[in-house]
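Asks: First the structure, then my questions, so here it is.
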Amino acid sequence: MTGPANLLRVAVPVPLSDALEYRWAGSGDLPRRGCRVRVPLGRSERIGVVIDHPDRTSLPAEKLRDVIELMDEEPVLAQELLRTLQWCADYYHYPIGEVLSQALPVLLRQGRSPVRAAAGPWELTDEGRAQDANAVRRRAPRQADALEILIREGSADAAEFRDQGVGATVLRRMNARGWVRRRPNRRAGTALKTDRDTPPTLTAEQQDCVDAIAGSPPGYRTWLLQGVTGSGKTEVYLRLIARELEAGRQSLLLVPEIGLTPQLIDRLQKRFAQRLAVMHSGLAAGQRLDAWQDVRTGAAKLIVGTRSAVFAPLARPGLIIVDEEHDPSFKQQDGFRYSARDLAVLRAQRLDIPVLLASATPSLESVHNAERGQYRALSIRRRIGTAGHPDMRVIDMNRHAVRQGLSTPLVTAIRRHLDADCQILLFLNRRGFAPVLLCPNCGTAEDCSRCDARMTIHAASGRLRCHHCGRTQPLSWVCSACGSERVAVGAGTQRITGELAALFPDARIARLDRDATARQGGVGTVLAGVKRGDTQILVGTQMLTKGHDFPRVTLVGVLNADQGLFGTDYRSTERFAQILLQVAGRAGRRDRAGEVLIQSHYPQHPLLRRLADQDYSEFARLALAEREAAGWPPFSHLILWRAEATRRASAHAFLEQVAAAARKRVAGVDVFGPAPASMERRGGRYRAQLLLQSKRRSALHRLMAELAPVVRTWPAARRVRWSVDVDPIEA
Ligand code: ADP
Ligand code: ZN
Ligand code: ZN
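In structure tokens, the structure reads:
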């Protein structure tokens, strides 16, 4: 019998756009939305999540299969989160089952219980302590027993409960109500620290920000805080978080990268100690589940995490903060290509709570939203302390002697700052020794055999490496084409570090990039060395730009600004401005004035001249005017349809077919391409892309909603790898 009362729609993690229908043949109530079920799929079984109870099915009765097992009594995904994830599947045109599974810790995807058997003993939460055991006894006598045991003993493990007649299900139920929890796993970054700090007195500007947010009526609102680096933004977050704590609500703080922000975690631990949960991809599966569970029960009051923490199962949400909101790492770049920054705003809206986006260099979308009144703008103009803004100058590389990428004025400045016992940061967006191995005789360079890219020399390991596909090969100085001796051209972080060591033999020099930190004991060790003052000169890549607070850095050198001046996509200018100002922001904090020197062959380039004023707002105003004139986002919306294949023609033919179907279908959407991707061949595959652009988001999504299901049925769609990128950040 297929009555209306026993149908379930289940999102199963497979690449299908839709959820699947199953029949519930078990006794009792239908499994609730957000509960996991084990279902048959083909000849195997999968774990899916119930997303709906449909009235009828189009499937013939003999095709409808039964759910094998219900795995949760309480939903693992609350209704709010479930609806947000369903919205994501529609908006990002990504299969619902895969979207849901990204929001669940891997152990839950594999079918484990949310409560870990291997975790520590049970203890009461604040909520649990507030329960009246006698009142509970009327409805749930076993739970009342458990409450009394915990009130008496403080904590107890499963065996102790069993001895006193309380089974595991009872505790699981109480856990789902937020009354008890496992003793938190200390390795999850929740180490208890006793050295608590004393919050500083806020500056007037900081106080204004706190007052504005704290003083507005409760409910959803997006705030955009623009404050230069070192202006005390983090302190503003801490105050707002403390207010939420007092009110018993949770705060979610999203950061670009946990590994790069040990100082921030340290500050949070000192201020908020045991109520902190950290969520990021580096956690072991068990730690991740513990953190997730602490968030869901409300035991964790402050959740700090990277991108995927935007799906944290908040029990009592009060506030969301996105630190460095402009950072590209908030956008997932493969598979389910969501923007955690955008979803933070969406979630806040649905939860009806405030969200704070903050940066020294906010994204142009956010600036635009603030300008048109969608977001409320806040700003902090002054830095903490007396240092003020650094002095920024461009060094004309055409007019000065340059040795291995270091100009004479920069070398002189480094010496001056070393003599004054200060620290120096040198930024170069290129790791390795030198980018190119070139034959001066025949002009041949060593290219990667799988990518449209040159191999990079890594002298220390004696190998050539491709930074795009990871391929390596032995380094040979003999030209394979003509047999002459080849030379290394250009400079990477490794070569610069060597050159500095020769110039300043007594200086203590360290390197911060992906190669170096893999060897030197991790990012934390390198950063700690700088923080302690052991390191005098730090040479690094993009990793330098991420919010570090080094009080003794007075000189920042940007070794090759030209790389950023001539980018190919419409966002390169914005990215370059953000990187440059973020790096510059590391110079001079508190009582030390800073100096920033930028090496360029194009010192008159209008972008450099504009940025030398360090007025990001003015930059953003002009850049937005240019975007508007050209019709780029945020004045239009984009969807990028990518395809790759081992044969160039297959990728193009597929996208031609998509383009033709798209052009037939809707008015109001421009279709550009297909065109080769900016690096056409990568890892042995040819990559092409099709750009869909529209002034109206709705037109774009209507088109996609029609197109995607049709395209999935094409045989051609199975011969290429394709993906859809909504609001791409590289186009
Ligand atoms: P941002 O997040 O804007 O880069 P931070 O909040 O990290 O700035 O502040 C920079 C430094 O100034 C930190 O070391 C912080 O402890 C300190 N600081 C912040 N606010 C104050 C204040 N009101 N008084 C004194 N020191 C402060
Ligand atoms: Zn390669
Ligand atoms: Zn040669």
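Here the numbering used here is used: the first residue of the sequence shown is 1, the next is one more, and so on. We treat Cβ as the ideally placed atom computed from N, Cα and C, and that holds for glycine.
1) Enumerate in chain order the residues of its own chain whose CB-to-CB distance from His468 is below 6 Å, with the five nearest sequence positions on each side excluded.
2) Compute the Euclidean distance between the alpha carbons of Ile96 and Gln333, then round it to the nearest angstrom.
3) Return the CA-CA distance between Ile321 and Glu127, expressed in angstroms with no decimal places.
4) Can you tell which of Arg416, Ile457 and Pro551 has its C-alpha closest to the C-alpha of Ala507?
5) Assuming the contact rule is C-beta atoms closer than 8 Å, Leu622 and Arg610 should be a hit. Round their C-beta distance to whole Å, please.
6) Going along the chain, which residues of its own chain have a beta-carbon closer than 6 Å to the beta-carbon of Ala191, five neighbours each way excluded?
7) Are the C-beta atoms of His326 and some chain D residue less than 8 Å apart?
8) Quick check on DSSP: helix, strand or coil for Leu624?
9) Excluding the 5 residues preceding and the 5 following Ala661 in the sequence, name in chain order all residues of the same chain whose CB lies nearer than 8 Å to its CB.
10) Less than 7 Å between the CB of Thr234 and some heavy atom of ligand 3, yes or no?
11) Does the beta-carbon of Arg471, which I'm using as the reference point, lie nearer than 7 Å to any heavy atom of ligand 2?
12) Verify whether the separation of the beta carbon atoms of Val583 and Phe336 is less than 8 Å.
13) Short of 8 Å in beta carbon distance, which residues of its chain neighbour Ala717, apart from the five on each side in sequence? Order them along the chain.
14) Grab me the residues of Leu8's own chain with a C-beta within less than 6 Å of its C-beta, minus the 5 sequence neighbours each way, in chain order.
15) Starting from Gly318, trace the beta strand (DSSP E) in both directions and tell me its first and last residue.
16) Sorted by chain position, which residues of the same chain lie with C-beta nearer than 6 Å to Asp670's C-beta, five sequence neighbours on each side aside?
17) At a cut-off of 7 Å, would you count His468 as near ligand 2, judging by its Cβ distance to the nearest heavy atom?
18) Counting C-beta neighbours from all protein chains within 10 Å, is the total for Gly462 16 or more, i.e. buried, or is it exposed?
19) Tell me whether Ser216 sits in a helix, a strand or coil according to DSSP, three-state version.
20) Please indicate yes or no: does the CB of Gln796 lie closer than 7 Å to some heavy atom of ligand 1?
21) Compute the Euclidean distance between the alpha carbons of Arg376 and Leu224, then round it to the nearest angstrom.
22) According to DSSP, is Lys331 part of a helix, a strand, or is it coil?
23) Considering only heavy atoms of ligand 5, does any lie closer than 7 Å to the CB of Ser484?
24) For Arg186, which residues of its own chain have a beta-carbon under 7 Å away from its beta-carbon, when the five flanking residues on both sides are left out?
25) Excluding five sequence neighbours on each side, which residues of the same chain lie with their C-beta closer than 6 Å to the C-beta of Ala89?
26) In this structure, does DSSP put Glu510 in helix, strand or coil?
27) Within the continuous alpha helix (DSSP H) that includes Pro606, where are the two ends?
28) Take the Cβ of Trp179 as the centre, count every other Cβ of all protein chains shown within 10 Å, and call the residue buried at 16 or more, exposed below.
29) Within its chain, find whatever has a CB closer than 7 Å to the CB of Ala78; leave out the 5 residues flanking it on each side and keep chain order.
30) Between Ile384 and ligand 1, is the CB less than 7 Å from at least one heavy atom?
31) Which residues bound the alpha helix (DSSP H) around Ala501?
32) Going along the chain, which unbroken runs of the alpha helix (DSSP H) with 4 or more residues stay wholly within the region 242 to 327?
33) Between Gly585 and Gly259, is the Cβ-Cβ spacing less than 8 Å?
34) Consult DSSP for Leu692 and reduce its assignment to one of helix, strand or coil.
35) Return the CA-CA distance between Tyr237 and Pro317, expressed in angstroms with no decimal places.
36) Just to confirm before moving on: does the CB-CB distance between Leu85 and Ala61 stay below 8 Å?
Replies: If we stick to the structure as given:
1) Around His468: Cys451, Ala453 and Arg682.
2) Cα atoms of Ile96 and Gln333: separation of roughly 18 Å, rounded to the nearest angstrom.
3) 25 Å
4) Arg416
5) 7 Å
6) Caution is warranted here: a pLDDT of 43 is assigned to Ala191, below 50, making its placement in the model unreliable, and the coordinate value is therefore given only provisionally. Closer than 6 Å at the Cβ level, and outside the excluded window around Ala191, lies no residue.
7) Within the model displayed, chain D is absent; a lone protein chain is all it includes.
8) In this structure, DSSP gives Leu624 a helical state, which the three-state scheme calls helix.
9) Leu707, Val710 and Val711
10) no
11) yes
12) no
13) Phe654 and Val711
14) Answer for Leu8: Tyr22, Trp24 and Val50, listed in chain order.
15) Pro317 to Asp323
16) Gln693
17) yes
18) exposed
19) coil
20) For residue 796 there is no data in the structure shown, the boundaries of the chain being 1 and 731.
21) 6 Å
22) strand
23) Only ligand 1, ligand 2 and ligand 3 can be found as ligands here, which leaves ligand 5 out of the picture.
24) Reliability of the predicted coordinates at Arg186 is poor, the pLDDT of 45 falling under 50, and the value obtained from them is presented with this limitation in mind. Contacts found: none.
25) Ile96 and Val99
26) In the sequence as presented, Glu is not what sits at residue 510; that position holds Ala. Strand at Ala510.
27) Pro606 to Ala612
28) buried
29) Cβ neighbours of Ala78 beyond the five flanking positions: Gly34 and Pro313.
30) True, at least one ligand heavy atom lies under 7 Å from that Cβ.
31) Thr493 to Leu503
32) 262 to 272 and 285 to 297
33) no
34) strand
35) It is roughly 15 Å from the alpha-carbon of Tyr237 to the alpha-carbon of Pro317.
36) no
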